[in-house]
Amino acid sequence: TYRGPDGFWSEAMQDPILSHVILVRPAAGSLTLSLLVFIGTLVYRRKVPLELGLLLNVLLGSFGPWIVLLWHKLIDPNLPWFPELSGDWNSHSSPLLEMVAGLTHGLF
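Here is the structure:
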């Protein structure tokens, strides 16, 4: 990312709930996608009726990512909506800009 992993989660690492979310959110997102694929596989193998598989995929595919993204608001409504956007946005500490500057050094 523009800010790097330390900058992306700079504010969240200070909060005990958000620091837990940092670890849980990627795993929950991966599990959501795995369930969508698994349901599709069951429908393909005719173990689950097509209508039920479509309904489950639409529900899980529509609401699952939002639940994963806003999980921390369900736990504690007082937390910020998007803690990833909080914190220091100084561009001088950006790993992306440092890499580009290193690649273009001497070109201009």
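Going by our numbering, the residue at position 28 of the sequence shown is 20; the numbering climbs one at a time, nothing skipped. Beta carbons: idealized from backbone N, C-alpha and C, even for Gly.
Taking 3 residues as the shortest admissible run, the stretch -1 to 74 contains no complete beta strand (DSSP E) segment at all.
Three or more Cβ pairs closer than 8 Å define a contact, and the stretch 37 to 55 falls short of that threshold against the stretch 7 to 14. Cα atoms of Ser2 and Glu76: separation of roughly 8 Å, rounded to the nearest angstrom.
Around the beta-carbon of His97, fewer than 16 other beta-carbon atoms lie within 10 Å, marking it exposed. Taking C-alpha positions only, Ala4 is separated from Gly45 by approximately 37 Å.
The Cβ neighbour count for Ile67, taken over all protein chains shown within 10 Å, is under 16; the residue is labelled exposed. With contact defined as three or more Cβ pairs closer than 8 Å, the stretch 13 to 21 and the stretch 29 to 43 are not in contact.
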